Amino acid sequence: MEKFFSKSSKEALKKFNVNKNGLSKDQLKNSLEKHGYNELTEKKKKSIFIVFLEQFKDLLVAILIIAGIVSMATGNSESTIVIFAVIIMNAILGTVQNVKAEQSLKSLKALSAPNAKVIRDGFKYEIPSREVVPGDILILEAGDLVVADGRIIESYSLKINESALTGESEAVEKFEEVIKADEVALGDQKNMVFSSSLVTYGRGLILVTGTGMNTELGKIATLMEQTKEKKTPLQITLDDFSKKLALIILVICILVFGLSLYRNTPILDSLMFAVALAVAAIPEALSSIVTIVLALGTQKMAKENAIIKNIKAVEGLGCVSIICSDKTGTLTQNKMTTKQIYTDTSLVESEELNLENEVHASLLNAAILCNDSTNVDGNEIGDPTEVALVNLGHIHSLTEQEVREKYKRLKEIPFDSDRKLMSTLHEINGELIMYTKGAFDVLLNRITHIKTSEGLRKITDADKAKIVDTNRYLSENGLRVLAFTYKVLPEEKELTLEDENDFVFLGLISMIDPPRIESADAVKDCISAGIKPIMITGDHKITASAIAKQIGILKDGDIALEGLELDKLSDEELNEKLDHVSVYARVSPEHKIRIVNAWQNKGKIVAMTGDGVNDAPALKQSDIGIAMGITGTEVSKDAASMILTDDNFATIVKAITNGRNVYANIKNSIKFLLSGNMSGILAVLYASIAALPVPFAPVHLLFINLLTDSLPAIAIGMERSRKDLLKDKPRDSKESILTKDYVKEIAFEGLLIGIFTIIAFHVGLSTGNEHAASTMAFATLCLARLFHGFNCRGKKSIFGLGVFSNKFSWYAFGAGLLFLNLVLFVPPLQNLFEVTPLDGTLIASIYLLAFLPTFIIQIFKIITKDFDKNEAENTANEPLKF
Ligand code: ATP
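Have a look at this one:
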């Protein structure tokens, strides 16, 4: 690699034949052809074959293989073929699912991939980072992720955290000057930036010198582990459960085997009992169903503007009981428009500024010069607060380009949300003027003078009182107020924080940022869902409270706290107040961490939004870190577990509803699968204890478990969310999925289906034909479980839920019925699935016996659940669509 640190920025630019206006279209095309996309080639993935082999590692699969071998030994060749076919099919399905999950993870990753700002052909563009090429001019601002390696060509207090590469946690200040040396360690190449580092402060222009594998990160990329899909707590619990289940099955199988032997049943027949039991008990489809339902849930959320970066968040969302939300842009529209302006001792409307008035003209200059935003033909780029100021210029026929060209920026101290100020230095009419704009309360005590049309004079207490009153009046109307000041510097120099003092007051500009229309309703939903919404903002307490009141966050009896007040509280005092504080104003990112911690100590699950560069720690600390897709910095997106593509608070509430629904559906699917398995186990156990023949062949159970059961289980997973899902309280995050009531229901429903299966078996046995009995037991169990799919859709009866409200459950039922009848009536399939042709009466009894458990369960639900108001399950939301 070339050593660009030892070249001047001019030489570096020359090397790529570009200037600060960036690449031309042709150059861009050439560079892309030559260097390719800015991507790291990932470490070689596991081959599909290996993934396929890994599917056999499961203990449950091992039991199936044993079952296959036993079938072979008993000369049951059809059964053996089906069992092995099922094992292989299962492994193929597992492999496909694995590959699909990887792909969906990849596409989610692409959705949350960082963007980069570049200058090309003299214009500023925001592009996906993979499209950055060597020779590009990259604009870096606080909060950006550096997406390529590059040489600095302009730096304004640019500070970069390179810990990802160097391990050094302190940010490094970067400059443009040449480093005259042959070898310089990475951490000391202060005129270079490297891919994967974070801009923590300032601004800079970079010439991209290396992309993709040709970066310092690329060099070590081969060492990088491929990102693994993380499992959710539920998946971990279920994996654990499956393992325990496998062991229990083994023990019971051995007992049953022993019992058969004790009764002098031939060994192979005894083995068949044990095998049937094992196959009946293993919930083969369980983990696939959970993965599928989770994946469907994340897809739905992505369509509704919430991109889940960490699959764990889907479950976590259902437990959220506190949402800490930023105000600007999340609860409000982030469309700032200037309103009243206080300058030259009077309050005027934005349109009434008079540029003939020297004070008015200076205020407008300050608003445009101490500002990084632009609005070219309606294309607004930058912080909406600053765009509003640029637009104020446009009202008065001043364009930012013209003013900024006339009074060039010489030095600056960029805005940061801790300091809440921004300063820039310009030469204006022969004087060196430093403009400072920012939060009024931060500037108030640093103001010594005031400029009026009568000239410059010392500020009086009366002046200050009038300004304070005006600020309060504007804030109480929910307006954001910025104060503007200036000072004259004797000579040009680097600006330091000490310079931000002894100001001359120019004026206050207020701007409106109306609440989003949907915020008030979303807040209402939150509260009824037992979730406390909290506003955390850098804005003024009065402004924040006014907005919070409008949208219902700040209610009677609630309080608003300021960052400074928060600092004065001990942890115990904060803990006492916590429940009543709905608004935190003038906070800095560190306060956010304290607020999250305080709630977490109370055992609450906290969702926290963040957009700034300093928000990353709070996002990481919270249980669900939520970044803003439109206005959020790349750093915040990196730290979050969910990204809102519309920055909207209402989307968080929607995502929570989806999270709760996904969890409820998964729980219902699992209930369906386990209760069905339970009935199979009971039937086999009964036959074993009652010294009857084995009721099922392993193929029967595999057919049910893998085919006819999977379809209703997925359909249950697609159940639409209940209208009143948001009336429930958040789920306790520590609550195990297998609660007492849940297990009771599984046992009751499993027992019912089991009993009717046994009755069917006896009806079959009464014909004197063991095969007919087995066919009866199989068909009844299969059909009863298909009917049972309707029972597991929700707590209410099918009429309460809406008979046709989940069309997938009907498709699943129809398909299952078709498969079963094919097996019962098509001769080659009859052979393969060890089924005997039955006469009409027996078929009719199968249908009746299979329907009865569902009939009883439905009657039970109508009596107990439909009339229980607390459990009301209206279904008004749209079903999942694909
Ligand atoms: P939220 O935290 O809800 O997103 P916010 O935008 O008010 O709200 P910050 O961006 O941290 O939070 O701003 C804090 C304060 O700093 C603002 O209330 C304003 O007074 C001041 N401020 C905001 N933007 C600028 C800016 N570009 N230049 C100078 N001061 C600013």
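The sequence shown finishes on residue 899 if you use the numbering used here, and the numbering steps up by one all the way, no holes. No residue lacks a Cβ here, since even glycine has one placed at the ideal position from N, Cα and C. This structure is a prediction, so every number in the text was calculated from the model and none was measured.
Problem set entry | Sequence-distant residues of the same chain with beta carbon closer than 7 Å to Asn848, five excluded per side | The answer, listed in chain order, is Glu95.
Exercise. Is there at least one non-hydrogen atom of the ligand ATP closer than 6 Å to the beta-carbon of Gly314?
Worked result: The answer is no for Gly314.
For this session: Could you pull out every unbroken alpha helix (DSSP H) segment of at least 4 residues lying fully inside the region 512-564, listed in chain order?
Result: Every unbroken stretch of the alpha helix (DSSP H) spanning 4 or more residues and falling wholly within the region 512-564 is given here in chain order: 536-545.
Exercise. CA-CA distance, Glu368 and Glu419?
Worked result: If you take the alpha carbons of Glu368 and Glu419, they lie about 20 Å apart.
Exercise. Hey, which unbroken runs of the alpha helix (DSSP H) at 4 residues or more fall wholly within the region 290-337?
Worked result: You should have 303-320, 329-334.
Problem set entry | Proximity to Ala13 [Cα-Cα], best of Gly524, Lys207, Arg739, Leu591 | Because the chain spans 18 through 899 in this model, residue 13 falls outside it and cannot be assessed.
Exercise. Given Leu110, which residues of its chain have a CB within under 8 Å of its CB, disregarding the five upstream and five downstream residues?
Worked result: If we look at Leu110 and ignore the five residues flanking it on each side, its Cβ neighbours are Ser305.
Exercise. Arg497: buried (16+ other C-beta within 10 angstroms of its C-beta) or exposed?
Worked result: Its Cβ being crowded by 16 or more others within 10 Å, Arg497 is buried.
For this session: With hydrogens ignored, establish whether the beta-carbon of Glu429 is closer than 6 Å to any heavy atom of the ligand ATP.
Result: For the ligand ATP, not one heavy atom lies less than 6 Å from the Cβ of Glu429.
Exercise. Between which two residues does the beta strand (DSSP E) containing Pro499 stretch?
Worked result: In the sequence as displayed, the identity of residue 499 is Leu instead of Pro. Annotation: the continuous beta strand (DSSP E) that includes Leu499 extends over 497-506.
Exercise. From what residue to what residue does the beta strand (DSSP E) around Met645 run?
Worked result: For Met645, the enclosing beta strand (DSSP E) starts and ends at 641-645.
For this session: State yes or no: is the C-beta of Ala777 within less than 7 Å of the C-beta of Leu834?
Result: Taking 7 Å as the Cβ cut-off, Ala777 and Leu834 do not qualify as a contacting pair.
Problem set entry | Ile65 versus Ser26, Ala108, Ala79, Asp256, residue with shortest Cα-Cα distance | Answer by Cα proximity: Ala108.
Exercise. In whole angstroms, what is the alpha-carbon distance linking Gly399 and Gly806?
Worked result: Cα to Cα, Gly399 sits roughly 53 Å from Gly806.
For this session: Answer yes if the region 447-454 comes into contact with the region 492-507, meaning at least three C-beta pairs across the two stretches below 8 Å, and no otherwise.
Result: In the pairwise beta carbon analysis, the region 492-507 is classified as touching the region 447-454: at least three pairs are separated by under 8 Å.
For this session: Please work out which residues of its chain come closer than 6 Å, Cβ to Cβ, to Leu581, disregarding the five sequence neighbours upstream and downstream, and give them in chain order.
Result: Counting only Cβ-Cβ distances below 6 Å, and skipping sequence neighbours, we find nothing.
Problem set entry | Range of the contiguous beta strand (DSSP E) that encloses Glu855 | The question names Glu, but residue 855 is Leu in the sequence shown. Bounds of any beta strand (DSSP E) do not take in Leu855, whose DSSP letter is neither H nor E.
Exercise. Using 8 Å as the Cβ pair cut-off and three pairs as the minimum, do the region 662-679 and the region 339-358 touch?
Worked result: At 8 Å Cβ cutoff, the stretches touch.
Exercise. From which residue to which residue does the alpha helix (DSSP H) around Pro250 run?
Worked result: Where Pro250 is concerned, the enclosing alpha helix (DSSP H) stretches over 250-279.
Exercise. Ends of the alpha helix (DSSP H) at Phe22?
Worked result: Judged by DSSP secondary structure, Phe22 falls outside any alpha helix (DSSP H); it is assigned neither H nor E.
Problem set entry | Exposed unless 16 or more other CB atoms sit within 10 angstroms - verdict on Leu240 | Here Leu240 scores only 46 on pLDDT, less than 50, and its place in the model should not be relied on; the value that follows carries that caveat. It counts as exposed.
Problem set entry | For Met89, three-class secondary structure by DSSP | DSSP, reduced to helix, strand and coil, places Met89 within a helical segment of the structure shown.
Exercise. From Glu187 to Gly204, what distance separates their C-alpha atoms?
Worked result: Approximately 11 Å, taken between the alpha carbons.
Problem set entry | Euclidean distance between Cα positions of Leu449 and Lys425 | Going from the Cα of Leu449 to the Cα of Lys425 covers about 11 Å.
Problem set entry | Same chain, Cβ closer than 7 Å to Ser470, neighbours up to 5 away in sequence not counted | Asp361, Asn374, Glu375, Val376.
Exercise. Does DSSP put Leu442 in a helix, a strand or coil?
Worked result: DSSP places Leu442 in strand when its eight states are reduced to three.
For this session: Note down, in chain order, each residue of its chain lying with its Cβ closer than 8 Å to the Cβ of Leu438, except the 5 sequence neighbours on either side.
Result: Around Leu438: Ile430, Phe432, Thr453, Lys454, Gly455, Ala456, Val459, Leu460, Glu517.
Exercise. Just curious, the alpha helix (DSSP H) that Ile450 is in, first and last residue?
Worked result: That residue, Ile450, is in no alpha helix (DSSP H); its beta strand (DSSP E) goes 448-456.
Problem set entry | Extent of the continuous alpha helix (DSSP H) run through Ser791 | That run of the alpha helix (DSSP H) goes 787-808.
For this session: Give me whichever residues DSSP pairs with Thr362 in a beta bridge.
Result: DSSP links Thr362 through a beta bridge to no other residue.
Exercise. Considering only residues of the same chain and omitting the five flanking positions on each side of Phe290, which have a CB-CB separation below 6 Å?
Worked result: These residues qualify, in order along the chain: Val273, Ser277, Ser705, Val711.
For this session: Compare the C-alpha of Asn208 against each of Thr183, Glu171, Lys878 and name the closest.
Result: Nearest of Thr183, Glu171, Lys878 to Asn208, Cα basis: Glu171.
For this session: Mark Ala198 as exposed unless 16 or more other C-beta atoms lie within 10 angstroms of its C-beta, in which case mark it buried.
Result: Classification of Ala198: exposed, given that the 10 Å Cβ count is below 16.
For this session: Just the C-alpha distance for Glu242 and Ser605, rounded to the nearest angstrom, thanks.
Result: Note that Glu242 has pLDDT 40, beneath the 50 cutoff, so the model's placement of it is unreliable and the number below is only indicative. CA-CA distance, Glu242 to Ser605, rounds to 35 Å.
For this session: Specify whether the region 214-234 and the region 137-156 touch according to this definition: at least 3 beta carbon pairs, one from each stretch, less than 8 Å apart.
Result: The region 214-234 vs the region 137-156: in contact.
For this session: Can you give me the Cβ contacts of Tyr900 inside the same chain, cut-off strictly under 8 Å, excluding the 5 residues immediately before and after it?
Result: What is shown of the chain runs 18 to 899, which leaves residue 900 out entirely.
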